[in-house]
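Student: Numbering (our numbering), first residue to last: 28 to 329.
Just so it is clear, CB atoms sit at the ideal spot from N, CA and C, and this is done for glycine as well.
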Amino acid sequence: MMFLSLAAFMISLALGQSETSFSPLSSDLSALPPVTLIDLGPPSCPDGKYIGSSTKAKWTVEGASFDSSTNVTIGILSSPPDFVIPLVRTDGSLYFQYNESVAFSESVPDEAGVIIKVPYDSLSKITVSMGESANIKGLTSLSELECFSASSCVAILTDLKDPIILDAEKGSVLTVVASNTTEITVEISGGSTINVVGNVAGGTVKTASELVVQGSVVGVEATAASTVTAANCDGITTDWTMGSCTVNDDIQVDASMADVMMLSDTSVCVYDSGASERVWGGIFSTVLISVVSVFALIAAEV
């Protein structure tokens, strides 16, 4: 019994998601409409003269069960508490804004993260962008997963009911574990990498990108100095732009869930006190130059 308790504790530490460090948001989540899409771009700063921040948080999206007798269809926990404010667009996409009371404090910890729990079959698409990092697991209806602009994504999707499109662009890394019955299509470009445990049934790999498959591959085209690594290259086509395929009979894709990302800054949003001065200064300079130019033209005429 002691051994099992110790093992559970070690797993909790490894995932970086102990219940003691993550707290439910204080906002009324039952007021949110149903969510079908999730946009995990960097949260915006509160309105005002703010220049933003390079601070990044680790996102986790996971399938969960909800009490059908309540209106709640989403659960959101964060570390630190109330780190973000959830918002839903008219198209059903969930996105976030930094909470002002947290954004301008110096108490943001070295680790920060948000856990989003949704019904297993509620989501059709997740987009991760602008250097964010996300873990995704336990969803059954996801049909598209996008990882853009130097983002990092790990998805454990072994219970998908339908085909899925995996899209990685602009220097991103996407690792996915799926069942052998899931039909996977890949779109990879801009120096990105997709690692798959499962079977890939089509797609393109281009612009110095890479596809690594622990499973079968058919119908994939590699172009523009891109590479596919698989146990068999019969299903790969290449062209004169130096696309290639490498045979590896012993591929082992690492799909371990990483710890919560370490933050480089303690302040999330930065107040830009000089924004107004620069704007008015620019206008004044433009007007002054215009007046001087008019007098110069008059003098030239005389």
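Using only the heavy atoms of the ligand ADP, determine whether one of them is closer than 7 Å to the beta carbon of Leu-67.
Tutor: Questions concerning the ligand ADP fall outside what the structure shown contains, since it holds no ligand whatsoever.
Student: By the 10 Å Cβ neighbour count, where 16 or more other Cβ atoms means buried, how is Ser-149 classified, buried or exposed?
Tutor: Numbered from its first residue, the sequence shown carries residue 149 at position 122. The residue in question, Ser-149, is buried, as its Cβ has 16 or more Cβ neighbours within 10 Å.
Student: Val-129 lies in the alpha helix (DSSP H); which residues open and close that run?
Tutor: In the sequence shown, residue 129 corresponds to position 102, counting from 1. Looking at the DSSP string, the run of the alpha helix (DSSP H) that includes Val-129 is 127–130.
Student: Consider the Cβ of Asp-55: report whether some Cβ of chain B lies at a distance smaller than 8 Å.
Tutor: Absent here is chain B; the protein component of the structure consists of one chain.
Student: So, at 8 Å on beta carbons, what are the nonlocal neighbours of Leu-114 in its own chain, with the 5 sequence-adjacent residues on each side left out?
Tutor: Taking the first residue of the sequence shown as position 1, residue 114 is located at position 87. If we look at Leu-114 and ignore the five residues flanking it on each side, its Cβ neighbours are Leu-121, Tyr-122, Phe-123, Gln-124.
Student: Less than 8 Å between the C-beta atoms of Val-99 and Val-145, yes or no?
Tutor: Position 72 of the sequence shown, counting from 1, holds the residue named residue 99. Position 118 of the sequence shown, counting from 1, holds the residue named residue 145. Not closer than 8 Å, so no.
Student: Exposed or buried, Ala-58, counting other C-beta atoms within 10 Å across all chains shown (16 or more means buried)?
Tutor: Position 31 of the sequence shown, counting from 1, holds the residue named residue 58. With fewer than 16 other Cβ atoms within 10 Å, it is exposed.
Student: Would you kindly work out how many angstroms separate the C-alpha atoms of Leu-126 and Ala-161, rounded to a whole number?
Tutor: Within the sequence shown, numbered from 1, the residue matching residue 126 stands at position 99. Within the sequence shown, numbered from 1, the residue matching residue 161 stands at position 134. The sequence shown places Asn at residue 126, rather than the Leu named in the question. Rounded to whole angstroms, Asn-126 to Ala-161 spans 20 Å at the Cα level.
Student: From what residue to what residue does the beta strand (DSSP E) around Asp-194 run?
Tutor: Your numbering for residue 194 matches position 167 in the sequence shown. Element bounds for Asp-194: 191–195.
Student: Taking the alpha-carbon positions, what's the Ile-101 to Thr-209 distance?
Tutor: Looking up residue 101 in the sequence shown gives position 74. Looking up residue 209 in the sequence shown gives position 182. So the alpha carbons of these two residues sit roughly 26 Å apart.
Student: Is the Cβ-Cβ distance between Lys-164 and Ala-182 less than 8 Å?
Tutor: Locating residue 164 in the sequence shown gives position 137, counting from the first residue. Locating residue 182 in the sequence shown gives position 155, counting from the first residue. Yes. Within cutoff.
Student: Got a sec, what are the start and stop residues for the beta strand (DSSP E) Gln-241 sits in?
Tutor: Position 214 of the sequence shown holds residue 241. Where Gln-241 is concerned, the enclosing beta strand (DSSP E) stretches over 237–241.
Student: Quick test of the definition: if touching needs 3 or more C-beta pairs under 8 Å, does the segment 254–272 touch the segment 226–243?
Tutor: yes
Student: Along the chain, where does the beta strand (DSSP E) that runs through Asn-162 open and close?
Tutor: Residue 162 sits at position 135 when you count from the first residue of the sequence shown. That run of the beta strand (DSSP E) goes 160–164.
Student: Who are the near neighbours of Arg-305 in its chain, counting only those whose CB is closer than 7 Å to its CB and skipping five residues on each side?
Tutor: Within the sequence shown, numbered from 1, the residue matching residue 305 stands at position 278. Reliability of the predicted coordinates at Arg-305 is poor, the pLDDT of 36 falling under 50, and no value is obtained from them.
Student: For Ala-91, which of helix, strand or coil comes out of DSSP?
Tutor: Position 64 of the sequence shown, counted from the first residue, corresponds to residue 91. Ala-91 falls in the strand class under three-state DSSP.
Student: Tell me the rounded alpha-carbon separation between Ser-243 and Gly-217.
Tutor: Within the sequence shown, residue 243 is the residue found at index 216, counting from 1. Within the sequence shown, residue 217 is the residue found at index 190, counting from 1. Spanning the two alpha carbons is a distance of roughly 24 Å.
Student: From the DSSP output, in three-state form, read off Leu-31 for me.
Tutor: Position 4 of the sequence shown, counting from 1, holds the residue named residue 31. In this predicted model, Leu-31 has a pLDDT of only 33, less than 50, meaning its place in the structure is not dependable; the value taken from the coordinates is given anyway. Helix, per DSSP.
Student: Where Trp-267 and Pro-190 are concerned, what is the direct C-alpha to C-alpha distance, given to the nearest angstrom?
Tutor: Here residue 267 refers to the residue found at position 240 of the sequence shown. Here residue 190 refers to the residue found at position 163 of the sequence shown. Cα-Cα distance, rounded: 31 Å.
Student: When DSSP builds the beta bridges, which residues end up paired with Ser-50?
Tutor: Translated into positions along the sequence shown, residue 50 becomes position 23. Its beta-bridge partners are Ser-105.
Student: Using the C-alpha atoms, what's the distance from Asn-259 back to Val-204?
Tutor: Against the sequence shown, residue 204 aligns to sequence position 177. Against the sequence shown, residue 259 aligns to sequence position 232. Answer to the nearest angstrom: the Cα atoms are 19 Å apart.
Student: On the three-state DSSP scale, how would you describe Ser-57?
Tutor: Taking the sequence shown and counting its residues from 1, one reaches residue 57 at position 30. Correct three-state label for Ser-57: helix.
Student: Nearest by alpha-carbon distance to Val-111: which of Ser-179, Thr-231, Ser-54 is it?
Tutor: By 1-based counting over the sequence shown, the position of residue 111 is 84. Nearest option by C-alpha distance: Ser-54.
Student: Ends of the beta strand (DSSP E) at Glu-210?
Tutor: As a position in the sequence shown, residue 210 is number 183, starting the count at 1. Where Glu-210 is concerned, there is no enclosing beta strand (DSSP E), given that its DSSP letter is neither H nor E.
Student: What are the residues that DSSP puts in a beta bridge with Pro-113?
Tutor: In the sequence shown, residue 113 corresponds to position 86, counting from 1. The partner list for Pro-113 (beta bridge, DSSP) reads Phe-123.
Student: At what residues does the beta strand (DSSP E) containing Ser-179 begin and finish?
Tutor: In the sequence shown, residue 179 corresponds to position 152, counting from 1. Element bounds for Ser-179: 179–184.
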